[in-house]
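Position in the sequence shown (from 1) plus 4 gives the number in our numbering.
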Amino acid sequence: MAKTLISRVINAFEGESPYTNIILYMSCLGASQMSLNSILRVMADAEHSLAGITKTVREALDLMRRWGYGHSESLQHIVKNSGNRLVSELFKRLDYAVKAGVSVKDFAKIEFQKYLALSQVEFEKNLEKLKRIVEAYTTLLSTTSLLAVSFLLISIIFGTSDPSEILEISAAVILSTLSSSSLLFLTTNLRRRLFHREATRPESLYILERLTIPLLILSFFTLAFKFVYPNPLENRGFSILFYSALGGGPVLIHGFLGRRWHKKVGNIEESLSILIRSLGDYIAVSGSLRSASKLMLLNDFGPLNNLLARMEVRVRAGINHALSLKMLGVETLSNLGHRILRMMGEMLEAGSKPSETGGILSDYVAYTLAMDKRRRQVTSSLKWMSVPLHATLAAILALMGTLMEIISDIASLLAVRIVLINPLDVSLATDYFYIILVGISFITSVNILLADGDSVFTFTFYFGLLLLVGGVTFLAMSTVSHNILSSFSRLTESISGLAGGG
C-alpha cells in the first residue's frame with residue numbers, strides 16, 4: 005500500500021502516468037493487427053514500462069489459459085484490480101468494444117486519437133491554471149517589500165512590546181504566506197522529469213548529482229552560521245553579501261554546470277521524434293535493426309550521431325535488438341528517450357510492425373515536446389521575473405535599513421522627549437532582512453522546480469542566483485543610501501550636541 009502510494013506521488017511529480025504507457029502499447033500493438041491475447045501477453049511481460057499493471061494482466065491471462073475464462077471475464081478482472089481509474093476505464097471500454105465486435109486495431113486507433121485530444125484539453129486547462137498561479141506569486145513577491153517595511157515601522161513606532169517579537173512574527177507570516185503558494189504549484193501536472201533514473205550516465209553528471217545533497221546541506225549550514233558570527237568587518241551590508249555568496253555560490257555553480265547537461269539533453273530530444281520515425285521505417289524496409297542502423301548512419305541526426313554509431317556496434321556484436329534500443333535510450337540521458345526507445349525495443353521484439361510503431365511513438369514524442377515548449381513559455385516568466393523582483397526587494401530593505409538606523413539613532417538620543425519611537429537594534433533589523441531574503445530565495449526556487457519539474461539543477465541554480473543577487477543588491481543599495489543620507493548622520497551628531505548642551 006505504502007509502496008503504491010509513493011509510486012503514485014513520484015509519477016505525479018514527474019508528470020508520467022501508467023495510463024499513457026498502456027495507451028502507447030495498445031496503439032502500437034493494435035496497429036500491428038495483433039490479437040487481443042498477444043497484446044495482453046506482451047503487456048504482461050513489460051515489467052519496466054508497465055510496472056504496476058503487469059501482475060494483474062498475467063492473472064487475467066491465467067484465467068483464460070488455465071480456467072477457460074473468456075475475454076470479457078478476463079478484462080473485467082483487470083478493470084477491478086488495476087488500481088488506476090483511467091486504466092480501469094480503458095479496459096472497460098475495451099471489453100465493450102470486444103463484445104460489440106470492434107477490432108483491437110480500430111479500438112486502439114480511436115483510443116490514441118482520443119488520448120491526444122483529451123490530453124490537449126487537459127493541458128490547456130492546466131496551462132491556464134499555471135499562468136494564474138505564476139501571476140499570483142509574482143504579485144505576492146512584489147507586495148512582500150510593503151509587508152516587510154510595514155512590520156518594521158510597527159516595531160519602532162508606538163512600540164510597546166519587544167521589537168524582536170514583532171519581527172519574528174512578521175518573518176513567519178511573510179514566509180508562510182509565500183510558502184503556501186508551493187502547494188498551488190504542486191497541484192499542476194505539467195512538469196516532466198528530464199533525466200532518467202538509470203545508473204548508467206557520464207561520470208561528470210553522476211558526480212554533480214551525487215554532490216547535490218551535500219552541497220545543499222553545506223549551504224544551509226553556511227547561511228545559518230550568520231547567527232553565530234553575525235557581522236564580519238562590522239558592515240551589515242557586507243555581512244549579508246558575505247553569507248549569501250558563501251552559501252549560494254557553490255550551489256549556483258552546481259546548478260550552472262547541471263543546466264549545461266539540460267541543454268545537451270534538450271538538443272537530443274529535439275532530434276528524437278525524427279529518429280524514431282526513421283528507425284521504424286528503415287527497419288520495415290531493411291528487415292532488421294542491424295541493416296537499419298547502418299542506413300541510419302548515412303543520415304545526420306545531430307547530437308544522436310555518436311549514439312547511433314554505438315548502437316550499430318552493439319547490434320553488429322550480436323547484442324539483443326531490444327537491449328540495443330534500450331541502451332540507446334539510456335545513452336540519451338533523457339527520461340523521455342529512455343522510455344520510448346525501451347518500449348519500442350520491447351514491442352518490436354514482440355512482433356509489432358516497425359513502421360506503425362515508429363510512427364505512433366514519434367507522434368507522441370512530438371506532441372510531448374510541443375507541450376513542453378508551451379509550458380516553458382509560462383515558467384520562463386516566473387524564472388526571469390523573480391530575479392528583478394528579488395533585487396528590488398533587497399534594494400528596498402537595504403534603504404529601509406539605513407533609514408531605520410538613522411531614526412533609531414535620533415530616537416535613542418531623544419528618548420526622554422520622544423516616547424512614540426522605540427529604538428531598534430541595527431543587528432536585529434539586519435537579521436530580519438537576511439531571513440526574508442534567504443527564505444524568499446528558497447521558496448521561489450522550489451516553486452520554479454515545481455512548475456518545471458525537470459531536475460534538481462534548476463532548484464540549485466536559481467537558489468544560488470537569487471541568494472547572490474539579493475546579497476549584491478543589498479550591499480550596493482546599503483552603500484549608496486548611506487552616502488546619500490549622510491546629511492542625516494550629521495543631523496544626528498548635531499542633535500547629540502544639542503541634547504548634551506541641554
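All C-beta atoms, glycine included, are put in the ideal place defined by N, C-alpha and C.
All of these numbers come straight from a predicted model, not from anything done at the bench.
- Of the residues 298, 152, 287, the one whose Cα lies closest to the Cα of residue 363 is 287.
- Residue burial annotation: residue 447 is buried, with at least 16 other C-beta atoms found within 10 angstroms of its C-beta.
- Between the alpha carbons of residue 48 and residue 390 lies a gap of roughly 47 Å.
- Using a Cβ distance threshold of 8 Å, residue 57 and residue 26 count as a contacting pair.
- Sixteen is the threshold: since fewer than 16 other Cβ atoms of the shown chains lie within 10 Å of the Cβ of residue 229, the residue is exposed.
- Every alpha helix (DSSP H) stretch that sits fully inside the segment 32-85 and reaches 4 residues is listed by chain position as 40-49, 58-71, 75-85.
- The three-state secondary structure of residue 338, taken from DSSP, is strand.
- Pairing residue 252 with residue 405 gives a Cβ-Cβ distance that is not under 8 Å.
- Annotated three-state conformation of residue 278 is helix, per DSSP.
- When C-alpha distances from residue 409 are compared across 101, 160, 125, the shortest belongs to 160.
- At the C-beta level, residue 438 and residue 221 stay beyond 8 Å of one another.
- Taking 8 Å as the cut-off, the Cβ atoms of residue 332 and residue 352 do not count as close.
- Spatial neighbours of residue 371 in its own chain (CB-CB distance under 7 Å, excluding positions within 5 residues in sequence) are listed in chain order as 120.
- Here residue 206 is exposed, its C-beta having fewer than 16 other C-beta atoms within 10 Å.
- In the three-state DSSP reduction, residue 161 falls in the strand class (E or B).
- With a 10 Å radius around the Cβ and a threshold of 16 neighbouring Cβ atoms, residue 273 comes out buried.
- Rounded to the nearest angstrom, the Cβ distance from residue 95 to residue 266 is 37 Å, too far for a contact under 8 Å.
- When rounded, the separation of the alpha-carbon atoms in residue 277 and residue 174 is 51 Å.
- Residues of the same chain with a CB within less than 7 Å of the CB of residue 255, apart from the 5 flanking positions on each side, are 219, 220, 223, 464, 467, 468 in chain order.
- For residue 437, the three-state secondary structure derived from DSSP is helix.
- Rounded to the nearest whole angstrom, the CA to CA distance from residue 184 to residue 88 is 29 Å.
- Where residue 167 is concerned, the enclosing alpha helix (DSSP H) starts and stops at 167-191.
- Under the three-state reduction of DSSP output, residue 305 falls in the coil class, being neither helix nor strand.
- Spatial neighbours of residue 385 in its own chain (CB-CB distance under 7 Å, excluding positions within 5 residues in sequence) are listed in chain order as 138.
- Note on geometry: alpha-carbon atoms of residue 158 and residue 170 lie some 8 Å from one another.
- Residue 200 is a Cβ neighbour of residue 338, given a cutoff of 8 Å.
- Contact check for residue 80 against residue 99 passes: the beta carbons are separated by less than 8 Å.
- Taking C-alpha positions only, residue 474 is separated from residue 367 by approximately 44 Å.
- Residue 149 has its alpha-carbon roughly 7 Å from the corresponding atom of residue 401.
- In this structure, residue 300 sits away from residue 328, with a CB-CB distance that is not shorter than 8 Å.
- Per the C-alpha coordinates, the member of 193, 489, 343, 231 positioned closest to residue 134 is 193.
- Of the residues 314, 411, 213, 398, the one whose Cα lies closest to the Cα of residue 145 is 398.
- The alpha carbon of residue 240 has as its nearest neighbour, out of 488, 487, 489, 483, the alpha carbon of 483.
- The alpha-carbon separation between residue 374 and residue 122 amounts to approximately 15 Å.
- When DSSP reads this structure, residue 199 sits in a beta bridge with 338.
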